[in-house]
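Below is one structure, written out as structure tokens; the observations come after it.
In my numbering, the protein residues as written are 2 to 108.
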């Protein structure tokens, strides 16, 4: 089946619809295809929902490339992923430092 092929290409399937479902044009395409008797899957990348996530996009591309046998130019996506990881690391360090500073008044 198509689902088995997608999982074999590296996708993770939990067998349930994502929280909130698939909405908008993506949901419409899946629904129309199913009603027309077409077999289909939606490749979704897990994100926070608040930020554009190039790391998640890369994971989806990994599966898609294996499935249909093409290679995408990832130069810009890789650059965005590196920038985002650096920003998140700096943010995490800032939060940890501020937390330590907030407790100094105790001792």
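Where is the CB? At the ideal position from N, CA and C, for every residue including glycine.
How about residue i and residue j: are their beta carbons less than 8 Å apart?
i, j, result
"residue 10", "residue 68", "yes"
"residue 73", "residue 62", "yes"
"residue 60", "residue 38", "no"
Taking residue i as part of the alpha helix (DSSP H), name the residues at either end of that continuous run.
i, result
"residue 5", "3 to 9"
"residue 48", "Per DSSP, residue 48 belongs to no alpha helix (DSSP H) and is neither H nor E."
"residue 35", "25 to 36"
"residue 57", "55 to 69"
State buried or exposed for residue i, treating a residue as buried only when at least 16 other CB atoms are found within 10 Å of its CB.
i, result
"residue 53", "exposed"
"residue 64", "buried"
"residue 7", "buried"
"residue 12", "buried"
Which residues in the same chain have their Cβ closer than 6 Å to the Cβ of residue i, if we skip the five residues on either side of it in sequence?
i, result
"residue 43", "23, 31"
"residue 34", "41"
Quick one: what's got a C-beta closer than 7 Å to residue i's C-beta in the same chain, skipping five residues either side?
i, result
"residue 55", "78, 81, 82, 85"
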